[in-house]
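Residue numbers (my numbering), protein chains in the order written: chain A, 2 to 368; chain B, 77 to 377.
Have a look at the structure below, then the notes.
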Amino acid sequence: MEPAAGESILSIQVDHVTKRFGSFTVLNDVSLHVQTGELIALLGPSGCGKTTLLRILAGLERPDEGKILLHGNEVTDQQITDRRVGFVFQHYALFRHMTVAENVSFGLRVLPRAQRPSPDLIQKKVDELLALVQLQAMADRYPNQLSGGQRQRVALARALAVEPKMLLLDEPFGALDTKVRKELRRWLRRLHDELHITSILVTHDQEEALEAADRVVVMHQGHIEQTGTPEEVYEHPATPFVYRFLGDVNVFHGRISHGEALHEETQREIPGGEDSSGEHEVTFVRPHDLELSRDRTTNTQLEATVRFIIAAGSRVRIELMSKDSSQTIEVELTKERYRELNLRQGDVVFVHPKQQHTFRMPGPSSV
Amino acid sequence: MAAEMTKARDEDWKASLTGESKWVRWTLIALALGYLTLFLFVPLAAVFAEALKNGLESYLAPFQDPDTLAAIRLTFIAAALAVPLNLVFGVAAAWAIAKFEFIGKQLLITIIDIPLAVSPVISGLIYVLLFGAQGWVGPWLIEHDIRIIFALPGIVLATIFVTVPFIARELIPLMQSQGREEEEAAFTLGASGWQTFTHVTLPNIKWSLLYGVILCNARAMGEFGAVSVVSGHIRGLTNTLPLHVEILYNEYNAVGAFAVASLLTLLAIVTLVVKTIIERKSAHSRPAHEPAWSPQPGSPS
């Protein structure tokens, strides 16, 4: 999954980084390569270490073990101010006593006198950046006069003002409501396509990661579970955790058939069994990968009863109760299919997966 | 007519929310005002009345006395040394407590409060115990001809001791609530530690800081107990204003005592006025309640 070094320029290289807070290991031997110009999403539940990794890259934290290389140069012990990293915080961290324009120009105004642009140049730069984030009219406002989305765009303009070699975004849209988040992440993606600045986006929102990033790094309990394109991680999750984390999923202990062709090979009872190796199999099926029918067509189909139907929205969500194991099964149907089946609460249906994924898990089967 | 009735009903409804009838409210207000008048306003007025009762000339007489002038000078010197020192310490301590995790943090917070918890007399005695002739380092000091007790250094030390908490305590909760993110943002933007402090931290705390300085200064100039123990009451040398008031009063020079006391009272009033202005300013420094903005059409908000 990792691109070979030298294939193109590696912008960020994380080499076997471990970080502990007291006795708690936040990052456990994490390695990660990021190509120049890529937009990477670090995705995981809270406490998985994604923010810590980002803060280590920025120089806000120091790793206990391992190395950080930016553009091939080791920066593990480099001061935060020398890294030229743009950082965007979840809660914006705008300077509350400065106007929008002053916030954006801050990074330029604190440059050593020899490198500092002239006031005219700074002004020009601020105007450009505010135009980029579509906030020209807000230049003289204070942060608390802006909406959350506007604040975060100011924070982004401020981070870009110092022309960073990379942009680190720590849950940048986490404090915003769903609609604004959606708009902003599309806008961020467009902005990235314009600027091509190497970016790492930390998020716990799988939709955000899948939609905005070139590659998604799924993290869990201080290590990387899987790295791949959004399609790869969604369609071919490497671990049960990734499967569960990227969207809704039905979990079956044991194996269910994969249509007629695999019938002979895979037919097995549900809930399914342990085998001699002491492992058990767990099958994951996404709700939209389950097909319903009124009549039994193969004997590997699960019999279930319709418990709830939620028909609001673009797709119809149906909750079933399996007859054999009284397990709840979630199914997602298109409106057309739902109308075709003409389902009612209490109806008996037969379920079979269009696509499934089976993992072998250690230990005996348990729910 | 109907509107008035609605309004009246509205008021009744509001009053019923707090659950108190009119006479309870007025009794409570009268009680509070009466209490303040009796115990604060009347004594304050008495200070000026007593000081001025023999006319302006005798009121001004004590201020021509070199001992009084020396006391004024000493008070200002003590405050001028104690306030800046506590300013530096207060900012440093608040910074450390609010922005970093370290072992002994809770202990530091507790220690800062000690001067508020112990009687000022004891604060003074601590220094006598340390630097006095019979104290721990007293003999060594005498050997090297360094005077601390019954001299300016002792007075300054005692003043610093009692005024330690004022600035730090004002800043700690504010800096804790503001968190570290703005400083971190400044660092990632390339600001040095000093630039971050002067451009980001200081502007965020300036009103609280000023408020703390005002309170600290008021206490430094008005301190009696601790200073009384270490001063030795040497007229014209180690007498501060509060001590001088006591001396004059003990000499049955009531007018003189009250005249000098009125100076301290004026100082207190000025302090309160400045404090009120600062409180207003700091409330206004966050322009949170300005009219709503009009978002730009077509831009993500």
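Backbone N, C-alpha and C define an ideal beta-carbon position, used for all residues, glycine too.
query = Cβ atoms of V111/A and L265/B: under 9 Å apart, would you say?
reply = yes
Short-range partners of chain B found in the region 333-352 of chain A, where Cβ spacing is below 9 Å = none
query = Are the beta-carbon atoms of G166/B and E246/B separated by less than 9 Å?
reply = yes
query = For V163/A, which three-state DSSP category applies?
reply = coil
inquiry  = Is there a Cβ of chain A sitting closer than 9 Å to that of W369/B, yes or no?
reply    = Residue placement at W369/B is poorly supported in this model, since its pLDDT is 36, which falls under 50; the coordinates are not used for a value here.
key: Buried or exposed by the 16-neighbour rule on C-beta atoms within 10 Å, applied to I218/B   = exposed
Stretch-stretch touch, CB-based, cutoff 8 Å, three pairs: the region 78-87 of chain A with the region 95-107 of chain A = no
Contacts that P279/B makes with chain A (C-beta to C-beta distance below 7 Å) = H98
ask   = Any C-beta of chain B sitting closer than 9 Å to the C-beta of H92/A?
value = yes
ask   = Any idea what DSSP makes of E266/A, helix, strand or coil?
value = Caution is warranted here: a pLDDT of 32 is assigned to E266/A, below 50, making its placement in the model unreliable, and the coordinate value is therefore given only provisionally. Helix at E266/A.
Distance, H221/A Cα to L161/B Cα = 50 Å
key: Limits of the alpha helix (DSSP H) - the one that G298/B falls within   = L278 to G298
message = Mapping the DSSP letters down to three states, classify Q227/A as helix, strand or coil.
response = strand
key: Residues in the region 105-118 of chain A having any Cβ partner in chain B nearer than 7 Å   = F107, G108, V111 and L112
query = What in chain A is Cβ-close to E257/B, meaning under 7 Å?
reply = F90, H92 and A94
query = Applying the criterion that 16 or more other CB atoms from any shown protein chain within 10 Å of the CB defines a buried residue, is Q268/A buried or exposed?
reply = At Q268/A, the pLDDT of 39 sits below 50, so the modelled position is not reliable and the matter cannot be decided from this model.
key: Exposure of H259/A, with buried meaning 16 or more beta-carbon neighbours within 10 Å   = Any reading at H259/A must be qualified, since the residue scores a pLDDT of 42, below 50, and its modelled position is unreliable; the value itself is stated next. It counts as buried.
ask   = Does A170/B have its Cβ less than 9 Å from a Cβ in chain A?
value = no
inquiry  = At the level of alpha carbons, what is the spacing between T335/A and E172/A?
reply    = 33 Å
inquiry  = For L319/B and S358/B, what's the separation of their Cα atoms in angstroms?
reply    = 35 Å
message = For the ligand NAP, is there any heavy atom lying closer than 8 Å to the beta carbon of E304/A?
response = Absent from the structure shown: the ligand NAP. Ligands present: none.
request  = Can you have a look at L55/A and say buried or exposed, based on whether 16 or more other CB atoms are within 10 angstroms of its CB?
outcome  = buried
query = Are the CB atoms of K1/A and V243/A nearer to each other than 9 Å?
reply = Within the shown structure, residues of chain A are numbered from 2 to 368, placing residue 1/A beyond reach of any answer.
Under the three-state DSSP convention, the category D141/B falls into = coil
query = From what residue to what residue does the beta strand (DSSP E) around A42/A run?
reply = L40 to L44
ask   = By a C-beta neighbour count over all protein chains shown, 10 Å radius and 16 as the cutoff for buried, is F90/A buried or exposed?
value = buried
query = So, H254/A versus E232/A, is the Cβ gap smaller than 9 Å?
reply = no
query = Hey, quick one: how far does the beta strand (DSSP E) through S268/B stretch, first residue to last?
reply = Note, S268/B: premise wrong, no beta strand (DSSP E); not H, not E.
Proximal residues to Q137/A (C-beta, below 6 Å), its chain only, five neighbours per side dropped = L131
query = According to a CB-to-CB cut-off of less than 7 Å, which residues of the region 72-84 of chain A neighbour chain B?
reply = I81 and T82
task = Answer with yes or no whether the minimum CB distance from G60/A to chain B is below 9 Å.
result = yes
ask   = List, in order along the chain, the chain B residues whose C-beta lies closer than 7 Å to that of V163/A?
value = L265 and G266
request  = Could you tell me the distance, in whole angstroms, from the CA atom of E96/B to the CA atom of N130/B?
outcome  = 49 Å
key: Pick from V352/A, R361/A, Q328/A and I311/A that is closest to R345/A, judged by C-alpha positions   = I311/A
task = For A102/A, I'd like the list of residues in its chain whose CB is within less than 6 Å of its CB, leaving aside the five on either flank, ordered along the chain.
result = V127 and A140
task = Specify, as a first and last residue, the run of the alpha helix (DSSP H) that V240/B falls within.
result = L228 to Q254
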